[in-house]
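Structure record follows, encoded as structure tokens.
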Amino acid sequence: MRQFSDRIVVVGGAAGNVGRAVSAAFYEAGASLALCDRHAGPLHQTYDGSERVLVLETDLASPESAGLLVADVLRVFGRIDAFVALTGGFSMGTPLHLISSQDWEYMMRLNVSTLSNVCHAVIPHMRERGQGKIVTVGARSALSGKALMGPYCASKATVIRFTETLSEENKHYGINVNCVLPSIVDTPQNRKDMPDSDFSTWVDPDALADVIVFLASDASRALHGAAVPVYGRC
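Below, the structure written as structure tokens:
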């Protein structure tokens, strides 16, 4: 199925474990891609020579950089049909009352500001065209507080509320905004951090990519502001 053969998809955080799986899934579906990450070296190695892929090394935590990203994609491809916001990170280990302002702000900047900055730049374009798809990434752990995970849980809960609000503000402009809520994703780092776990119950990055591709497709046209659980068998 090459259902994205006429679509332009922007993927933030494309060099991460999930980002690589998502980028590959869209590429196989025929999309033209703008792949961005702070460390884009692996993306160049994978996609150099492809006329369908634009690789951009940028920091989406900067509003200026996010604006330049959107401008570059519009200059090269002429439009943006979908934005997949995978930029983010995880930290834990400190009780909430001992969290430094720097650590709190870091999680918010990484998980929320990177999303907000690109949406600020891309929503006017999507509104003008009367269509667009935005897929964000929350987390199962954002649905309730977890000990020693305060900044992460709060930042991902903010992503969910951001998604719902952005959807309410833009659904009448033909823009679908939805969110995935993964549990534990099967990555090398998670295996290293939790060596005694049953990895077979975790979410494979390719399986998460399939859900994200669905949310960016026409098949999700009736979904607005959804937070889709992607828990595997955890």
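When we follow the working numbering, the leftmost residue of the sequence shown carries the number 1298, and every step to the right adds one. Glycine residues also receive a C-beta, built at the ideal position from the N, C-alpha and C atoms. Quantities reported herein were computed from a predicted structural model and do not represent experimental measurements.
Roughly how many angstroms separate the alpha carbons of alanine 1363 and isoleucine 1431, rounded to a whole number? Along the sequence shown, one-based indexing puts residue 1363 at 66. Along the sequence shown, one-based indexing puts residue 1431 at 134. Rounded to whole angstroms, the separation of the alpha carbons of isoleucine 1431 and alanine 1363 is 15 Å.
Just to confirm the assignment, what range does the beta strand (DSSP E) spanning glycine 1390 have? If you number the sequence shown from 1, residue 1390 lands on position 93. For glycine 1390, there is no enclosing beta strand (DSSP E), as DSSP marks it with neither H nor E.
What's the gap between the Cα of tyrosine 1324 and the Cα of alanine 1379? Locating residue 1324 in the sequence shown gives position 27, counting from the first residue. Locating residue 1379 in the sequence shown gives position 82, counting from the first residue. Answer to the nearest angstrom: the Cα atoms are 13 Å apart.
Quick check on DSSP: helix, strand or coil for glycine 1471? Here residue 1471 refers to the residue found at position 174 when the sequence shown is read from its first residue. Looking at glycine 1471 - three-state DSSP - the assignment turns out to be coil, as it is neither helix nor strand.
DSSP has glutamate 1354 in a bridge; who is on the other side? Mapped onto the sequence shown, residue 1354 falls at position 57. Looking at the DSSP output, glutamate 1354 shares a beta bridge with Asp1334.
How would you write the range of the beta strand (DSSP E) that proline 1526 sits in, first residue to last? As a first step, residue 1526 is located in the sequence shown; it is residue number 229 there, counting from the start. Under the DSSP assignment, proline 1526 falls in the beta strand (DSSP E) whose first and last residues are 1524-1527.
Below 6 Å CB to CB, which residues in the same chain sit around serine 1464 once its five sequence neighbours on both sides are set aside? As a position in the sequence shown, residue 1464 is number 167, starting the count at 1. Excluding residues within five positions, the ones whose Cβ falls inside 6 Å are Val1474, His1521 and Gly1522.
Closer than 7 Å: glutamine 1300 CB and nearest the ligand HEM heavy atom: No copy of the ligand HEM appears in this structure; indeed no ligand is present at all.
By DSSP's criteria, leucine 1478 is part of a beta bridge. Which residues make up the other side? Walking along the sequence shown from the start, residue 1478 turns up at place 181. Note: leucine 1478 sits in a beta bridge opposite Pro1526.
For glycine 1442, which of helix, strand or coil comes out of DSSP? Within the sequence shown, the letter at position 145 stands for residue 1442. Coil at glycine 1442, not helix or strand.
Quick one: grab the DSSP three-state call for isoleucine 1305. As a first step, residue 1305 must be located in the sequence shown, where it is residue number 8. Three-state result, isoleucine 1305: strand.
Can you look up serine 1359 in the DSSP assignment and give me helix, strand or coil? Start at 1 with the first residue of the sequence shown, and residue 1359 comes out as number 62. Taken through DSSP and simplified to helix, strand or coil, serine 1359 comes out as coil.
Mind the definition here: the segment 1491-1499 touches the segment 1455-1470 only if three or more C-beta pairs lie below 8 Å; say whether that holds. With the cut-off at 8 Å, the segment 1491-1499 and the segment 1455-1470 do not touch.
Along the chain, where does the alpha helix (DSSP H) containing alanine 1382 start, and where does it finish? As a position in the sequence shown, residue 1382 is number 85, starting the count at 1. Here alanine 1382 belongs to no alpha helix (DSSP H); instead the beta strand (DSSP E) covers 1379-1382.
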